[in-house]
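*Asks:* This is the structure, below, for whatever I ask next.
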């Protein structure tokens, strides 16, 4: 047997790790198809995992699951020392379907053209529509450590790479039509939907789930003129508003007419301005690339869908095999309504990477099986997500993490190629967010506060806390509404101070007297929780009674009103450090 490379595997038990389970299946399937394919070592043909993305608009976080699922499986296969390639097919030769919100309505004149023939949105530096939307996704995938081989379908079709496959499909058009007709009949009869079809919870999530629209594309039926699985782009208007009227198998002579009024006859063996309809194109590529693993979204889950039909077409027409492929569930967004209204669409991986580090974003996809839906937080929940991540990191360090959690963490923080960059000193995200909220990103003030968190081990440079600090600052600046930002009072609230009773005045005095001796995050935490205890005659470390908890809440609310003019705000110890001892004394001196 060929020797394996020394690459760390992630999980010993495939029962607890969905990625390892799929990797086992994919390796076994590759060996079944072609013994020796899965073996490591130079010259091995390698295993093909695949994704498909349509740059018809912003490529959002729902689409990212199309890439992350095969990436994680391919990466596990590589960790085991096998040759494996992850191809990403850019469906940039698909038709331009609609003008998105926020784009000049005049772009409607390009509907029906290939995405690479549509001008980029106004102000873009990219040569066409497809490149404009591919670029940020490519950059995001690179930042996330996703290694892939990109394939432009425009280049494939226009170079003639698929010429033999196209001619083959046209020769077998009646056979393809017969396969498709089985499902057309089922659809008319009202085929039963899958029992567990998931439903998006709102309009924005529906947009995130629907993909490129290819799942509902016309299958090539052309009425009385017969069935043709090939759709030419018109040589005059460049659109696919065409109808094939005749085709000769011997000469490959094909005639078509276009809605623009143009009509012509071409030799298909020389014609490179058109493509197979989606339900034939996809299985053709499975056979052409030898794809062993490719997931698909919920838009391909109906009985007559391109995935189901493609499984029969790839075998019966192209002599290939359908890949192993789980159906993946929706990825929702917590805080999506705000994102949608402000940007006219759902968030992209690039948007997510502005407010969270790449390992965290990878982890959100790695820890859930593909058929489990989950949400990515753009609102306050992001702080809880980071708390979970930091808690897991502590368990990893202590060796107490569950195997599945440890596997997901390993996949999030490293690939077969090595470790992903990380923050040297990852302070709590919610703390960093509170600090930059108060300092409005002023570096000198931010460093002062962070250096006082732990006097025994002070932060000496903001670089120690980056890139997490930058992500928290970006979140505060772009996702937190102005009315929820923290604004520390410039002057004392003299009216409120004058109205305080003796108990409240004493609580403020106790706090101010203890500032100097408790000036650290832990110290101030002890102090603010301890003042009501001391007032009630208890020791500062006493466990709070229900009555003490009520007194603590009242004390906290008083401090918030005097410091920021609201009943709530950032955690008080962080807030006090951020405000600074002198200013705290000025605002609280009764």
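Numbering (the working numbering), first residue to last: 595 to 1184. A virtual CB, placed ideally from N, CA and C, is assigned to each residue, including glycine.
1) For residue 861, report the span of its beta strand (DSSP E) as first-last.
2) Assuming residue 546 is part of the alpha helix (DSSP H), what are its boundary residues?
3) Could you say if the stretch 901-910 and the stretch 659-679 meet the contact criterion of at least three C-beta pairs nearer than 8 Å?
4) Put residue 950 into one of helix, strand or coil per three-state DSSP.
5) Quick one: Cα of residue 900 to Cα of residue 1067, how far?
6) Give the range of the beta strand (DSSP E) segment to which residue 826 is assigned.
7) Taking the C-alpha atoms as reference points, what is the distance between residue 831 and residue 853?
8) Checking 9 Å against the spacing of the C-beta atoms, do residue 862 and residue 839 come in under that value?
9) Counting pairs of Cβ atoms below 8 Å between the stretch 1012-1020 and the stretch 1056-1063, do you hit three or more?
10) In whole angstroms, what separates the C-alpha of residue 1055 from that of residue 1041?
11) I need the DSSP call for residue 704, collapsed to helix, strand or coil.
12) Thinking just about the alpha-carbon of each residue, which of 962, 916, 904 is nearest to the one in residue 922?
13) Who are residue 681's beta bridge partners in DSSP?
14) Classify residue 717: buried if its beta carbon has 16 or more other beta carbons within 10 angstroms, exposed otherwise.
15) Residues in the same chain with beta-carbon distance under 7 Å from residue 702, minus the five sequence neighbours each way, listed in chain order, please.
16) So, at 7 Å on beta carbons, what are the nonlocal neighbours of residue 1107 in its own chain, with the 5 sequence-adjacent residues on each side left out?
17) Distance cutoff 9 Å, beta carbons only. Does residue 1125 sit that close to anything in chain D?
18) Report all residues from its chain with a CB closer than 8 Å to the CB of residue 886; omit the five preceding and five following residues, and keep chain order.
19) Could you say if the stretch 1163-1180 and the stretch 1107-1117 meet the contact criterion of at least three C-beta pairs nearer than 8 Å?
20) Closer than 8 Å: is that where the CB of residue 611 sits relative to any heavy atom of the ligand ADP?
21) Residue range of the beta strand (DSSP E) that residue 928 falls in?
22) Once DSSP output is grouped into helix, strand and coil, what is the label at residue 1053?
23) Between residue 668 and residue 680, how many whole angstroms is the CB-CB distance? I'm expecting something under 8 Å.
24) Please classify residue 1136 as buried or exposed, where buried requires at least 16 neighbouring CB atoms within 10 angstroms.
25) One question on the structure: do residue 770 and residue 821 come within less than 9 Å of each other, judged by their Cβ atoms?
26) Between residue 1109 and residue 1175, how many whole angstroms is the CB-CB distance? I'm expecting something under 8 Å.
27) Below 8 Å on the Cβ atoms is my contact criterion, and I expect residue 1027 with residue 1078 to pass it. Report the Cβ-Cβ distance as a whole number of Å.
28) Between the stretch 988-995 and the stretch 1120-1134, do three or more beta carbon pairs fall short of 8 Å?
29) Which whole-angstrom value is the C-beta distance of residue 714 and residue 723, which I expect to be below 8 Å?
30) Count the other CB atoms, across all protein chains shown, that sit within 10 Å of the CB of residue 1051; report buried if there are 16 or more and exposed otherwise.
31) Along the chain, where does the alpha helix (DSSP H) that runs through residue 1072 open and close?
32) Determine, using beta carbons only, whether residue 1024 and residue 1160 come nearer to each other than 9 Å.
33) Can you check whether the CB of residue 960 is closer than 9 Å to the CB of residue 1001?
34) Out of 765, 850, 776, 823, point me to the one whose CA is closest to residue 844's CA.
35) Less than 7 Å between C-beta atoms, sequence neighbours within five positions excluded: which residues of the same chain meet that for residue 881?
36) In three-state terms, what does DSSP make of residue 933?
*Replies:* Per the coordinate set shown:
1) 857-861
2) No information on residue 546 is available, as it lies outside the stretch 595 to 1184 that the chain covers here.
3) no
4) coil
5) 44 Å
6) 824-826
7) 9 Å
8) no
9) yes
10) 7 Å
11) Correct three-state label for residue 704: helix.
12) 962
13) DSSP, once it has assigned bridges, lists 644, 743 as partnering residue 681.
14) Exposed, since its Cβ has fewer than 16 Cβ neighbours within 10 Å.
15) 693
16) Around residue 1107: no qualifying Cβ.
17) Here there is only one protein chain, and chain D is not present.
18) 620, 623, 624, 627, 641, 642, 643, 917, 918
19) A contact exists between the stretch 1163-1180 and the stretch 1107-1117.
20) Absence of the ligand ADP is noted for the structure shown, with no ligands found whatsoever.
21) 925-928
22) The answer is coil: DSSP assigns residue 1053 none of H, G, I, E or B.
23) 4 Å
24) exposed
25) yes
26) 5 Å
27) Between residue 1078 and residue 1027 the Cβ distance is about 11 Å, and since that is not below 8 Å, they are no contact.
28) The stretch 988-995 vs the stretch 1120-1134: no contact.
29) 6 Å
30) exposed
31) 1062-1073
32) no
33) Between residue 1001 and residue 960, the gap from beta carbon to beta carbon is short of 9 Å.
34) 765
35) Within the same chain, and ignoring the five residues on either side of residue 881 in sequence, the residues whose Cβ sits closer than 7 Å to its Cβ are 908, 912, 913, 914.
36) Note that residue 933 scores 48 on pLDDT, short of 50, meaning its location in the model is unreliable; the coordinates nonetheless yield the value given after this. Residue 933 falls in the helix class under three-state DSSP.
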